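The structure under discussion appears below in the form of structure tokens.
Residue numbers (the numbering used here), protein chains in the order written: chain B, -1 to 129; chain W, 539 to 684.
Here you go:
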């Protein structure tokens, strides 16, 4: 539900096209969209830094109870989740500096993070049901 | 460890109480006030809640409920004496909170009738969580043995 609501919010407030991401952060005079400031973005990401860390830790610590706890994939997922979380949080700061490339990164990272968490949920549910 | 967990439980009790107070002053606690917040009222010139605001609200609610009930269930399962009963309580609190969130989302997007279900499950999970926190505090500090 948290992941589903985050997709809906992203779609409602920002949009999934590169153009809409750029407009949301860099503004658009024609559409009367004001550009986001660094302090405005920091206000949004401040609670999310704590929340992302806690959420990833809480979800991934359940993997210790599964059979795949010592696998190489598990380590890859841990590092992957935290790196994707960091990119997800801090790419807006780079977008407002004019780096258009990071609008692509923002969208890609958002979906990668969602899929990674869904994959972890699937492993956890599978472990609960079959192990 | 006892003072730390007791502190956590006191904060949980405070959260549950303040959550009800905040909701009664902003979002609404009962059918009529929640309906007014979600859908507005033309006669009273009250604007309906925008989709972006609703999504932000439910997004934060999901996270907080998830974290509160996860930590509370972990403590309650550890300190409770009646294991089978505690399992029922934990399942009930999680199911009620889940149904309350789903009912709220569906009442906004499809049928306002589900607000009643939201109200009932909202109070149920708060009462159960309050009971779990109080029982855990009692077991930690006053019971003869854990």
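Built from N, CA and C at the ideal position, the CB exists for glycine as well. It should be emphasised that the depicted structure is a prediction, and the values quoted were computed from it without experimental measurement.
Count the other C-beta atoms from every protein chain shown that fall within 10 angstroms of the C-beta of residue i, then say buried if there are 16 or more, exposed otherwise.
i             : result
residue 539/W : exposed
residue 634/W : buried
residue 83/B  : buried
residue 562/W : exposed
residue 547/W : buried
residue 75/B  : buried
residue 559/W : exposed
residue 603/W : buried
residue 663/W : buried
residue 27/B  : exposed
residue 131/B : In the structure as shown, chain B starts at -1 and stops at 129, and residue 131/B therefore has no counterpart that could be examined.
residue 45/B  : exposed
residue 638/W : buried
residue 4/B   : buried
Short of 8 Å in beta carbon distance, which residues of its chain neighbour residue i, apart from the five on each side in sequence? Order them along the chain.
i             : result
residue 94/B  : 23, 24, 33, 34, 35, 36, 39
residue 56/B  : none
residue 592/W : 576, 646
residue 129/B : 64, 65
Could you pull the start and end residues of the alpha helix (DSSP H) that residue i belongs to?
i             : result
residue 31/B  : Unbroken run through residue 31/B: none, as it is neither H nor E.
residue 619/W : Segment: none, residue 619/W is in no alpha helix (DSSP H) and carries neither H nor E.
residue 573/W : 569 to 577
residue 580/W : Run containing residue 580/W: none; DSSP gives neither H nor E here.
residue 72/B  : 70 to 93
residue 670/W : 653 to 679
residue 112/B : 99 to 128
residue 51/B  : 36 to 59
residue 3/B   : 0 to 7
residue 550/W : 540 to 563
Which same chain residues, not among the five before or five after residue i, have their C-beta less than 7 Å away from its C-beta?
i             : result
residue 543/W : 613, 678
residue 617/W : 674, 677, 678, 684
residue 573/W : 650, 653
residue 67/B  : 61
residue 108/B : 8, 86
residue 630/W : 666
Give me whichever residues DSSP pairs with residue i in a beta bridge.
i            : result
residue 26/B : 31/B
Leaving aside the five residues before and after residue i along the sequence, list all residues of the same chain whose C-beta is less than 6 Å from its C-beta, in chain order.
i             : result
residue 551/W : 671
residue 668/W : 554
residue 586/W : 577, 578
Examine chain A for any beta-carbon lying closer than 7 Å to the beta-carbon of residue i, and answer yes or no.
i            : result
residue 55/B : Given the protein chain composition of this structure (B and W), no chain A is represented.
Given the structure, does residue i come close to the ligand SAM, in the sense that its CB is under 6 Å from one of the ligand's heavy atoms?
i             : result
residue 566/W : Among the components modelled here there is no ligand, and therefore nothing to report on the ligand SAM.
Inter-stretch contact at 8 Å, needing at least 3 Cβ pairs: the segment 643 to 652 of chain W / the segment 571 to 589 of chain W = The segment 643 to 652 of chain W is in contact with the segment 571 to 589 of chain W.
The segment 98 to 106 of chain B in contact with the segment 63 to 80 of chain B per 3-pair CB rule at 8 Å = no
Would you check if there are 3 or more beta carbon pairs closer than 8 Å linking the segment 560 to 576 of chain W to the segment 648 to 668 of chain W?
-> yes
Decide yes or no for the touch test of the segment 621 to 628 of chain W against the segment 581 to 596 of chain W: beta carbon pairs closer than 8 Å, at least 3 of them.
-> no
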